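Chemist:
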Amino acid sequence: MVWKTPEESAPKKAKVTISAGKVMAIVFWDCKGVLLVDYLPPNTTDNAARYCEVLTKLRAAIKRKRPGLLSRKVSLVYDNTHPHAARTTQMLLENFKWEILTHPPYSSDLAPSDFHLFSALKLHLGGKHFANDDEVQAEANHWLRRQDTAWYNSGIKKLLQRYQKCLDRNDQKNWDEILPFITHAYNTTIQEITGYSPFFLLFGREPMSLLDDENIPMDSNMDDHDEYIENYLDKIARTRQVVINNTEKTQERMKRKYDKNTMRESMNQDI
0 MVWKTPEESA PKKAKVTISA GKVMAIVFWD CKGVLLVDYL PPNTTDNAAR YCEVLTKLRA
60 AIKRKRPGLL SRKVSLVYDN THPHAARTTQ MLLENFKWEI LTHPPYSSDL APSDFHLFSA
120 LKLHLGGKHF ANDDEVQAEA NHWLRRQDTA WYNSGIKKLL QRYQKCLDRN DQKNWDEILP
180 FITHAYNTTI QEITGYSPFF LLFGREPMSL LDDENIPMDS NMDDHDEYIE NYLDKIARTR
240 QVVINNTEKT QERMKRKYDK NTMRESMNQD I
């Protein structure tokens, strides 16, 4: 209610416009990019049954976007909230033979999607107006597609650094349990300089789980192990040359950056 004199005109009322509500999404991604984006329908609960449906979609997406990965090893990083820790979810993951790297719930500093992906996405969407949920989803999908491999890879690298800080801060006592996960994450992370993971450079392939049904797969066009070994050595030689080229390019880029900064500092001193 607004008090006014008879001579005053009625105050103008702000027009209420319909806009999009809260949109919830589950994003699965790795060092190469997005694997699956699943939006929670309105008035739907994110329970164990629905999460299992999402994991089934994820498995199909991995098979389509990362050929051969399912036969080697899949590692998931998430907390132990109810949909994740439910027995039905655990049984499904055991059936998939996936490795789970857990961290405490609500630990946003240890969740790559929180400290790297969603924080940047929220910054991009901030201040924009969307008429409905479909527009929000379309803009979010477009932004996710625009990010290159280096951006996603940097998020995985930040996770290793944050794990280390967390362990140091908490005076970690169970290094024998934690260290294998950190080592695995580091060895399977693509390095910016070489363009390959340390594991690939050492063995010429991505890591495989002991639970895999088959041993190291041989090319179907190869008749014997001698041919496989010859092909393997050739692959290693070609990979080594690519690493050398990538290292030289990185060194040249760092040199240009150093020379540029040195020249700027020299000019500032002269002035």
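Numbering (numbering that gives the first Met the number 0), first residue to last: 0 to 270.
A virtual CB, placed ideally from N, CA and C, is assigned to each residue, including glycine.
All values reported here derive from a predicted model rather than from experimental measurement.
With 16 other CB atoms within 10 Å as the buried threshold, where does D269 fall?
Modeler: By 1-based counting over the sequence shown, the position of residue 269 is 270. Below a pLDDT of 50, predicted positions are generally treated as unreliable, and D269, at 48, falls in that range; the measurement from the model is reported next regardless. Classification of D269: exposed, given that the 10 Å Cβ count is below 16.
Chemist: Have a look at V135 and T87 and give me their C-alpha separation to the nearest angstrom.
Modeler: Position 136 of the sequence shown, counted from the start, is the residue given in the question as residue 135. Position 88 of the sequence shown, counted from the start, is the residue given in the question as residue 87. Whole-angstrom Cα-Cα distance: 32 Å.
Chemist: For Q146, which option in L120, P82 and I189 has the closest C-alpha, if you only look at C-alpha atoms?
Modeler: Here residue 146 corresponds to residue number 147 of the sequence shown, with the count starting at 1. For the residues L120, P82 and I189, the minimum Cα distance to Q146 belongs to L120.
Chemist: Cβ of R161 within 7 Å of any heavy atom in the ligand SAM?
Modeler: As far as ligands go, the structure on display features none, and thus does not contain the ligand SAM.
Chemist: Go through its chain and collect everything with a Cβ distance to L143's Cβ below 6 Å, but skip five positions before and after it.
Modeler: Residue mapping note: residue 143 aligns to position 144 of the sequence shown, counting from 1. So the qualifying residues of the chain are V33.
Chemist: I think N152 touches I189, with their Cβ atoms under 8 Å apart; what is that distance to the nearest whole Å?
Modeler: Here residue 152 refers to the residue found at position 153 when the sequence shown is read from its first residue. Here residue 189 refers to the residue found at position 190 when the sequence shown is read from its first residue. That pair is a contact at about 6 Å.
Chemist: Are L35 and F27 touching if we call contact CB-CB under 8 Å?
Modeler: Along the sequence shown, one-based indexing puts residue 35 at 36. Along the sequence shown, one-based indexing puts residue 27 at 28. It is a contact, given that the beta carbons lie within the stated cut-off.
Chemist: Which residues in the same chain have their Cβ closer than 7 Å to the Cβ of K156, if we skip the five residues on either side of it in sequence?
Modeler: By 1-based counting over the sequence shown, the position of residue 156 is 157. Within the same chain, K156 has close Cβ partners T188.
Chemist: For T193, count the other beta carbons within 10 Å of its own beta carbon; 16 or more makes it buried, fewer makes it exposed. Which is it?
Modeler: Your numbering for residue 193 matches position 194 in the sequence shown. It is buried - the Cβ of T193 has at least 16 other Cβ atoms within 10 Å.
Chemist: Hey, would you say P197 sits closer than 8 Å to L158, going by beta carbons?
Modeler: What you label residue 197 is simply residue 198 of the sequence shown in a count that begins at 1. What you label residue 158 is simply residue 159 of the sequence shown in a count that begins at 1. With contacts defined as CB atoms closer than 8 Å, P197 and L158 fail to qualify as a contacting pair.
Chemist: Residues in its own chain within less than 7 Å of T55 by CB, not counting five upstream and five downstream?
Modeler: Position 56 of the sequence shown, counted from the start, is the residue given in the question as residue 55. Here T55 has no same chain residue with a Cβ atom under 7 Å from its own Cβ, once five neighbours each way along the sequence are excluded.
Chemist: Is DSSP giving I243 helix, strand or coil here?
Modeler: Reading the sequence shown from its first residue, position 244 is the one you call residue 243. I243 falls in the helix class under three-state DSSP.
Chemist: The beta strand (DSSP E) with W28 in it runs from where to where?
Modeler: Translated into positions along the sequence shown, residue 28 becomes position 29. Its beta strand (DSSP E) spans residues A24 to D29.
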